[in-house]
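Some notes on the structure that comes next.
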Amino acid sequence: MLRAKISRKLNSFHKIIGGEHMKHSMQGIQRFMLMSILLMALAAFVVACGGSAEESTTSAAPAPAAEPAAPAAAEPAAAAAPSEPTAVPAVAPTVAPQKAVVAKDSIVVVINTEPTEPDPWLSTTLYPNQLAQNIAQPFAFLAPDFVDTKTAGFSGWEMKDGGASWILNLNEGMEFHNGEAWNAEAAKYSIDYLGSCIECGPYGQVGDSHAEVIDEYTVEWFIDNKHPALPRFSQYSLFRAPKDHAENAGETQAALGNVIGWGPYKFGEWIKGEKYVINKYDDYNADSSNFMTQAGSINTAEFVFRNEETVRAAMIRAGEADIAWGMAGDIAEELEDSDHGAWVKIVSGEVYTLDADTIWHPELKKLKVRQAITHAIDCEELALALFGATSRCSSGPNGIPGTLGVNDTNWLPKYPYDPAKAKQLLEEADYNFDNQINYYSRSGRYAKDVELSESLGVMWAQAGINIKINIVESSIWNKYHKAGPAVAYKAALAEGMSHEEAVAAVHAGEPPADPGASPGLVQFAPGGEYFDFGRQINFYMNCTSVRSSNCDADTHELGQRALAAGGDERRQLMEEVYDVFTDRLYQIPVMELVSVWGVNKDLEFVNQPGGRRILVNTAHFK
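Below, the structure is given as C-alpha cells:
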C-alpha cells in the first residue's frame, strides 16, 4: 500500500514536470518553424534580385535553436555551422564548406541547492565544497583505490609520534590565483585558522590544532589529540590565500562568494539564484601521473541549481546539462535510454540517519523512546518503494561494510519493524505524548528525502509517537544541525571543571539560544567518503563538536582513544564505537543511501570515493 501510494505521488509529479517541459519544447518548435519560413522567403528574394548562390550562402543566418529549459554552457563562436547553399536553376551549386569540428570545452553542472554560504570554511554543508575544492584544495585526497593522494601544493608528508604531528612538504615556486606566495607561512595561516575555529566546518574532522614553520617550504601540523589518519580526514581543510581571506573574511567574503586558492580552477562569478562559475587556472601545478591533479581540459564550468531530481534528470536527457548530482537509483534506466544521457553509480558509504537529541529533549533522552521510534520504521517497505532493490536497511549510521569499524555482522539491522514492540517500549518509558518531537529535513539534499520524511511521519503516527515533520530551508536546517554541546562544554572546562563535571553541566543546562529549542530529530546522511568511522566520532560522539547531539563521559573518552589509535587497534576500537552508536541509538538509522549521477554520454568523468565532490579536472569529452 505504501509503495503504491508513493508511486502514485511520484507519477503525478513526473507528469507535471513532463508537461511543463513539453510546453517549452512545443514553443521552441513553433519559433523554429516560423523562423525557417522567414529564411526561405529571404533566400527566394535574394535569388529573384539576381544574387548568386555564393551570395545567398553568406546572406542567410542560421536558425536559432529551441530555448533550453535551464542555463547551458555557451559554445565558442567557431562552433557555429555555415549555412547550406541555396540551389539556383542553371547554375552549378557551390559545395558547402566542411563543418568545423570544435571540441566542447565548457560544461554545465546541475546540483541540488545553491550554497547559502559559498565560503567552505564557514559552511557545514556539502555544496560549497562541491564548488570550492576545484579552487582551494587540502593536502591530500582519497583516491578511488582508497590511497591517500597528495594534491598539487605538496610533495609529501610524514607522520610523527603516532599522529601527534605531521610534517608537510610544500612544492616550491607556486602562487595563489591572486599572486600571493604559496609557502609555509601561507599553509600555517590556514591550519591555525581552522584548528581554532569552532564554527568552521572542518573543525570537527581534525580538531584543535596549530602549525609551526620549519623552513620556507616545510610546516609541522600539531594536533591536540593524536590523529594517525590525518591525510584522509583533512579533505575539507582547504588552503587559502592568507591576505585575501584576512581582508575579506566574514560578511564580505560571504557576499562575494570568491575563494582564492591554487587549485586547477579559479573563481569566475557568482550570480545569486542563477549560477556559480569557475574558470580553468592556466598556471596550475599539474601532475599528469595522478588523475586527481591533472590539468583540466574543461575551460569553464557553470554550476546551476535545481532542487527536484526529476528536473536534473530531464536536463541530462535533453543535453542541457553535462553532470547532474544526487538522484535515486531508479532513474538510471531512463537516463541510459535517452539521446544524451548516461549515469554513474555512486557508492557513498552513507546511510539515511536521524540525529537524535539525547542531551536536552525530554523524550529523546530516554533510550526506550529512541528504540520505539526505530521499531516503528518499516525500512524494507520504504527502501523497496523509494529506491527499488538496490538499497539496504542498516543497524547504524555512516558506513557500509568495508568502512573501518563496520563489518558484515555488526551492519545487519538490529531493530526490525515491530509496531507492537514500539508501543510497549513507549509505555515502559513513561512516554509523554505532549512533548512533541520536531523532525527537520531539507528538500532536495538527498534523493527522495521529502517522500521518505512524509512516509516516516505516517509510520510514527500509527505507532502513537508525536513527531512533527518539518521540511525547511538549508539555513534553518543548519541551525539545528549546529546546536551541539561544544560551547557549553568548553566554557565549563575553562571554569576549572573536570571532564565529568563539564558533561554534567552540559546536561543540566539549556540548549543553545539559537535556534532556541531542542532540535529533536535532524535528518541527514553523514558523509562516508573517508571509509573510516572516525568522522562519526569527531562530529557526533563527543562533547567538543557543535554537531554532536550527545555528550557522555564514557563514550567521549572511548571515541578519543579510537581516533588516536592506528592499525589493528584502530579497527577494533572503531567496531566498539559502532556498537555504542547502535546500542544507544545516538543516531537512528534508516537505510543505505543509493544514488546515481547523470552524465553527458560523451563525457568521461571519474568521481572520488564517496561521490561527494565534483572535480572538474577529472572530466574530459571523448
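Oh and the sequence shown: position 320 is 1276 in this note's numbering, straight run, nothing missing.
Just so it is clear, CB atoms sit at the ideal spot from N, CA and C, and this is done for glycine as well.
- prompt: Looking at C-alpha atoms only, which residue of D1390, A1419, W1553 and S1397 is the closest neighbour of E1410?
  reply: Taking the first residue of the sequence shown as position 1, residue 1410 is located at position 454. Taking only the C-alpha atoms, the option nearest E1410 is S1397.
task: Under the assumption that F1132 contacts T1574 (Cβ atoms under 8 Å), give the Cβ distance between them as a whole number of angstroms.
output: Counted from its first residue, the sequence shown places residue 1132 at position 176. Counted from its first residue, the sequence shown places residue 1574 at position 618. For F1132 against T1574, the beta-carbon gap comes to about 22 Å, at or over 8 Å, which does not count as contact.
- prompt: Helix, strand or coil: which one does DSSP assign to G1400?
  reply: Position 444 of the sequence shown, counted from the start, is the residue given in the question as residue 1400. Looking at G1400 - three-state DSSP - the assignment turns out to be coil, as it is neither helix nor strand.
field: Straight-line gap, V1562 to L1087 (C-alpha atoms, nearest Å)
entry: Start at 1 with the first residue of the sequence shown, and residue 1562 comes out as number 606. Start at 1 with the first residue of the sequence shown, and residue 1087 comes out as number 131. So the alpha carbons of these two residues sit roughly 16 Å apart.
task: Kindly indicate which three-state DSSP category Q1543 falls into: helix, strand or coil?
output: Counting from 1 along the sequence shown, the entry for residue 1543 is found at position 587. Of the three classes helix, strand and coil, the one that applies to Q1543 here is strand, per DSSP.
Beta-bridge pairing of C1349 - partner residues as DSSP gives them: Taking the first residue of the sequence shown as 1, we reach residue 1349 at position 393. DSSP lists M1547 as the bridge partner or partners of C1349.
- request: Taking only runs that begin and end inside the segment 1215–1299, name each unbroken beta strand (DSSP E) of 3 or more residues, in chain order.
  value: Within the segment 1215–1299, the complete beta strand (DSSP E) segments of 3 residues or longer fall at 1221–1227, 1231–1236, 1256–1261 and 1279–1284, listed in chain order.
message: Give me the residue from K1404, L1477, R1401 and A1450 with the minimum Cα distance to K929.
response: Nothing can be reported for residue 929, as the shown portion of the chain is limited to 957 through 1578.
- prompt: Mapping DSSP to helix, strand and coil, what is F1561?
  reply: The sequence position of residue 1561 within the sequence shown is 605, counting from 1. In the displayed model, F1561 falls within a strand according to three-state DSSP.
- prompt: Thinking C-alpha only, which one of R1326, H1166, L1449 and S1399 is nearest A1378?
  reply: Position 422 of the sequence shown, counting from 1, holds the residue named residue 1378. Out of R1326, H1166, L1449 and S1399, R1326 has the C-alpha closest to the C-alpha of A1378.
- request: Can you check DSSP and say which residues form a bridge with G1112?
  value: For the purposes of this step, residue 1112 is taken as the residue at position 156 of the sequence shown. Per DSSP, N1125.
query: Should L1323 be counted as a contact of the ligand HEM given a C-beta to heavy atom distance under 7 Å?
result: No copy of the ligand HEM occurs in the structure displayed, which carries no ligand at all.
message: Please tell me whether A1108 and L1124 are closer than 8 Å, where the distance is taken between their beta carbons.
response: Numbered from its first residue, the sequence shown carries residue 1108 at position 152. Numbered from its first residue, the sequence shown carries residue 1124 at position 168. Their beta carbons are not under 8 Å apart, which means A1108 does not touch L1124 by this criterion.
- prompt: With burial defined as no fewer than 16 other Cβ atoms inside 10 Å of the residue's Cβ, what is the status of N1134: buried or exposed?
  reply: As a first step, residue 1134 must be located in the sequence shown, where it is residue number 178. It counts as exposed.
task: Using beta-carbon positions only, say whether Y1237 and G1219 come within less than 8 Å of one another.
output: For the purposes of this step, residue 1237 is taken as the residue at position 281 of the sequence shown. For the purposes of this step, residue 1219 is taken as the residue at position 263 of the sequence shown. In this structure, G1219 lies closer than 8 Å to Y1237 by Cβ.
- request: Can you grab the Cα-Cα spacing for the pair H1455 / V1260, in whole Å?
  value: Mapped onto the sequence shown, residue 1455 falls at position 499. Mapped onto the sequence shown, residue 1260 falls at position 304. Computed Cα separation, rounded: 47 Å.
query: Which two residues bound the contiguous alpha helix (DSSP H) that contains A1448?
result: The residue labelled residue 1448 in the question sits at position 492 within the sequence shown. Residues A1442 to A1450.
- request: Decide yes or no for the touch test of the segment 1061–1081 against the segment 1427–1435: beta carbon pairs closer than 8 Å, at least 3 of them.
  value: Cβ pair count under 8 Å is three or more, so yes.
- prompt: For the alpha helix (DSSP H) that W1416 lies in, which residues bound it at each end?
  reply: Taking the sequence shown and counting its residues from 1, one reaches residue 1416 at position 460. Where W1416 is concerned, the enclosing alpha helix (DSSP H) stretches over D1405 to Q1418.
Proximal residues to V1546 (C-beta, below 8 Å), its chain only, five neighbours per side dropped: Looking up residue 1546 in the sequence shown gives position 590. So the qualifying residues of the chain are V1307, Y1308, T1309, L1310, I1333, C1335, L1338, C1349, S1350, L1408 and L1412.
message: So, with DSSP's three-state summary, where would you put G1554?
response: Here residue 1554 refers to the residue found at position 598 of the sequence shown. Strand at G1554.
field: Cβ neighbour criterion (16 or more within 10 Å) applied to T1208
entry: What you label residue 1208 is simply residue 252 of the sequence shown in a count that begins at 1. T1208 is exposed by the Cβ-count criterion.
message: Only counting the same chain, and skipping five residues up and downstream in sequence, which positions put a Cβ closer than 7 Å to that of A945?
response: With the chain represented from 957 up to 1578, any question about residue 945 goes unanswered, as that position is not in the structure.
query: In whole angstroms, what is the alpha-carbon distance linking R1527 and L1360?
result: Against the sequence shown, residue 1527 aligns to sequence position 571. Against the sequence shown, residue 1360 aligns to sequence position 404. Those two C-alpha atoms are separated by around 6 Å.
- prompt: First and last residue of the beta strand (DSSP E) that includes F1480?
  reply: The residue you call residue 1480 lines up with position 524 of the sequence shown. It spans L1477 to F1480 - the beta strand (DSSP E) in which F1480 sits, taken as one unbroken run.
field: DSSP-derived helix/strand/coil call for F1343
entry: Locating residue 1343 in the sequence shown gives position 387, where the first residue counts as 1. Under the three-state reduction of DSSP, F1343 is assigned to helix.
message: Checking 8 Å against the spacing of the C-beta atoms, do Q1516 and N1181 come in under that value?
response: Taking the first residue of the sequence shown as 1, we reach residue 1516 at position 560. Taking the first residue of the sequence shown as 1, we reach residue 1181 at position 225. For the pair Q1516 and N1181, the CB atoms are nearer than the 8 Å cut-off.
- prompt: Just the Cα atoms here: how many angstroms apart are V1459 and P1094?
  reply: Within the sequence shown, numbered from 1, the residue matching residue 1459 stands at position 503. Within the sequence shown, numbered from 1, the residue matching residue 1094 stands at position 138. Each residue's alpha carbon lies about 33 Å from the other.
query: Under the three-state reduction of DSSP, which class applies to F1195: helix, strand or coil?
result: What you label residue 1195 is simply residue 239 of the sequence shown in a count that begins at 1. DSSP, reduced to helix, strand and coil, places F1195 outside both helices and strands of the structure shown, so it counts as coil.
query: Given a threshold of 16 other Cβ atoms within 10 Å of its Cβ, counted over all protein chains shown, does Q983 qualify as buried or as exposed?
result: The residue given as residue 983 occupies position 27 in the sequence shown. Any reading at Q983 must be qualified, since the residue scores a pLDDT of 39, below 50, and its modelled position is unreliable; the value itself is stated next. Under this definition Q983 is an exposed residue.
- request: For A1167, write down the residues that DSSP places opposite it in a beta bridge.
  value: To locate residue 1167, count along the sequence shown from 1; it is residue 211. Answer is W1177, bridged to A1167.
Through-space distance from H1166 to F1097, alpha-carbon basis: Here residue 1097 is taken as the residue at index 141 of the sequence shown, counted from 1. Here residue 1166 is taken as the residue at index 210 of the sequence shown, counted from 1. The straight-line gap from Cα to Cα measures roughly 21 Å.
- prompt: Who are the near neighbours of T1639 in its chain, counting only those whose CB is closer than 7 Å to its CB and skipping five residues on each side?
  reply: Here the chain covers residues 957 to 1578 and nothing more, so residue 1639 does not appear.
message: Taking only three categories from DSSP, how would you classify N1494?
response: As a first step, residue 1494 is located in the sequence shown; it is residue number 538 there, counting from the start. Shown here, N1494 sits in a helix according to DSSP, grouped into three states.
- prompt: Just how far apart, CA to CA, sit G1217 and R1196?
  reply: The count along the sequence shown starts at 1 and reaches residue 1217 at position 261. The count along the sequence shown starts at 1 and reaches residue 1196 at position 240. One C-alpha to the other measures close to 5 Å.
- request: Under 6 Å Cβ to Cβ from K1404, same chain only, skipping five residues before and after it: list those, please.
  value: The count along the sequence shown starts at 1 and reaches residue 1404 at position 448. Only residues of its own chain outside the window of five on either side were considered, and among them A1284 and L1342 have a CB closer than 6 Å to the CB of K1404, listed in chain order.
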